[in-house]
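FYI, the numbering for the sequence shown is 2 to 255, going by the numbering used here.
For glycine and all other residues, C-beta sits at the position ideal for the given N, C-alpha and C.
To keep things clear, I will list the structure first and then write my remarks on it.
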Amino acid sequence: MTVPLRRPIIAGNWKMYKTILETESFFADVAPLVKDVHHCDMIIAPPFLALRRASELSSPSGIAISAQDLHWEKDGAFTGEVSASMIREAGATHTLIGHSERRQLFGETDASVNKKIRAALASRLLPIVCIGETLEEREAGRMEQVLDRQLTLGFAGLTEADFSPIIIAYEPVWAIGTGRTATPEMAQQAHAFIRSRLQGLVSRGVAQAVRILYGGSVKPDNIRGLMHQADIDGALVGGASLQPKSFADIVHYQ
Ligand code: PGA
Numbered sequence: 002m003t004v005p006l007r008r009p010i011i012a013g014n015w016k017m018y019k020t021i022l023e024t025e026s027f028f029a030d031v032a033p034l035v036k037d038v039h040h041c042d043m044i045i046a047p048p049f050l051a052l053r054r055a056s057e058l059s060s061p062s063g064i065a066i067s068a069q070d071l072h073w074e075k076d077g078a079f080t081g082e083v084s085a086s087m088i089r090e091a092g093a094t095h096t097l098i099g100h101s102e103r104r105q106l107f108g109e110t111d112a113s114v115n116k117k118i119r120a121a122l123a124s125r126l127l128p129i130v131c132i133g134e135t136l137e138e139r140e141a142g143r144m145e146q147v148l149d150r151q152l153t154l155g156f157a158g159l160t161e162a163d164f165s166p167i168i169i170a171y172e173p174v175w176a177i178g179t180g181r182t183a184t185p186e187m188a189q190q191a192h193a194f195i196r197s198r199l200q201g202l203v204s205r206g207v208a209q210a211v212r213i214l215y216g217g218s219v220k221p222d223n224i225r226g227l228m229h230q231a232d233i234d235g236a237l238v239g240g241a242s243l244q245p246k247s248f249a250d251i252v253h254y255q
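Okay, structure coming up:
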């Protein structure tokens with residue numbers, strides 16, 4: 002059996018932090034800290050307004066730029082929304098989709114996640130699709146059921162080929178911004194479950210090839226243990242991606 006090499010990814014999700022000026026200073030400071038990185042892909046997801054500046058400034062550091070969300074329509078009367086082509090034009094190559102804060106605070110559903118994945122793929126934006134259970138769901142023993150639903154409905158109707166640009170982020174909601182990380186073993190168990198479900202839903206090839214990131218209170222001092230797990234291919238980092246030094250320390254997890 003040949004296991005495909007899955008190139009690691011360290012991605013930072015800035016959420017609603019950093020102005021354009023703050024973005025400029027982040028990239029000036031981070032560039033020398035990560036300039037020799039070849040062992041993983043690096044991605045930063047700034048707020049929409051800073052996307053363009055971030056993509057102008059990120060090339061020396063080799064960091065790719067991601068949006069945090071998108072609307073599924075090409076254009077139209079959707080006040081406050083941003084389309085995939087606008088994001089592409091701003092220089093971003095990736096977009097987060099279905100982050101738990103969008104699901105919990107802004108009414109995002111598996112159905113809207115599905116539409117957003119399709120819109121991103123149609124515009125050649127690489128989707129980073131976030132899934133994960135809440136504390137209540139975990140404590141009720143429903144983690145697998147929730148992940149199963151998010152995968153089945155979120156990825157409904159996608160072909161095997163559609164999956165090649167897709168990245169998945171497993172982020173247990175109870176670990177996000179709380180300082181409570183899943184242990185590496187807990188994260189590994191969830192990642193292995195996700196891979197096995199993808200094998201059932203799509204194909205064995207997709208299950209083996211798709212990169213699955215762990216997210217939820219990832220810090221420089223816990224990244225190593227997570228990256229040692231067989232099915233963890235990287236991290237989606239919130240708070241600890243805001244400082245150039247801690248982002249770079251996470252990138253240098255080896
Ligand atoms: P955190 O956020 O690292 O601050 O917990 C992770 C995320 O929400 O992507």
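For residue i, three-class secondary structure by DSSP
i    : result
G239 : coil
L159 : coil
I167 : coil
L108 : In the sequence as displayed, the identity of residue 108 is Gly instead of Leu. G108 falls in the coil class under three-state DSSP.
R139 : helix
M2   : Interpretation of M2 is limited by its pLDDT of 47, a score under 50 that renders its predicted location unreliable; the figure taken from the coordinates is listed afterwards. In this structure, M2 counts as coil in the three-state DSSP scheme.
R150 : helix
I132 : strand
I118 : helix
R53  : helix
Limits of the beta strand (DSSP E) - the one that residue i falls within
i    : result
T258 : This structure cannot speak to residue 258, because the chain is shown only from 2 to 255.
S67  : I64 to A68
P33  : First-last for P33: I21 to V35, but that is the alpha helix (DSSP H), not the beta strand (DSSP E).
I11  : I10 to N14
A91  : Taken as a continuous stretch (DSSP letters only), A91 belongs to no beta strand (DSSP E), as it is neither H nor E.
Contact check, residue i vs residue j, beta carbons under 7 Å
i    : j    : result
V31  : P221 : no
R103 : L152 : no
M87  : I64  : no
P47  : K16  : no
R53  : R212 : no
E57  : H72  : no
Element boundaries [alpha helix (DSSP H), containing residue i]
i    : result
P185 : P185 to L202
D250 : P245 to V252
V174 : Premise fails: V174 is in no alpha helix (DSSP H) and is neither H nor E.
R1   : Residue numbering for the chain in the displayed model covers 2 to 255; residue 1 lies beyond these limits and cannot be assessed.
A210 : R205 to A210
Reference residue i; option with closest CA among the options
i    : options                   : result
R196 : A121, R225, A231 and D163 : A231
S204 : P166, F194 and E161       : E161
D234 : A191, L202 and L243       : A191
L159 : D70, A120, G180 and P185  : A120
S165 : L154, A210, G239 and Y215 : A210
D76  : A85, A68, T96 and V114    : A85
A193 : T179, L202, V35 and A208  : A208
G206 : L97, D163 and Y215        : D163
Close-in-space but distant-in-sequence residues of the same chain around residue i (CB under 7 Å, 5 per side omitted)
i    : result
A176 : T182, A183, G217 and S218
Y254 : I224, R225 and M228
S101 : C131, G133, E172, V174 and I177
Cβ shell of residue i (< 8 Å), same chain only, five flanking positions each side left out
i   : result
M2  : Residue placement at M2 is flagged as unreliable, the pLDDT there being 47, under the threshold of 50; the coordinate-derived value follows with that caveat. Nothing listed; no residue qualifies.
R89 : S124, R125 and L126
S59 : F28, I45, A65 and I66
Beta carbon proximity, residue i to chain D, threshold 7 Å
i    : result
L227 : Protein chain content of the structure displayed is limited to a single chain, and chain D is not contained in it.
Beta-carbon contacts of residue i that lie in its chain and below 6 Å, excluding the five residues immediately before and after
i    : result
I11  : C41, M43, G235, A236, I251 and V252
S247 : P221 and A241
G13  : I45, V238, S242 and F248
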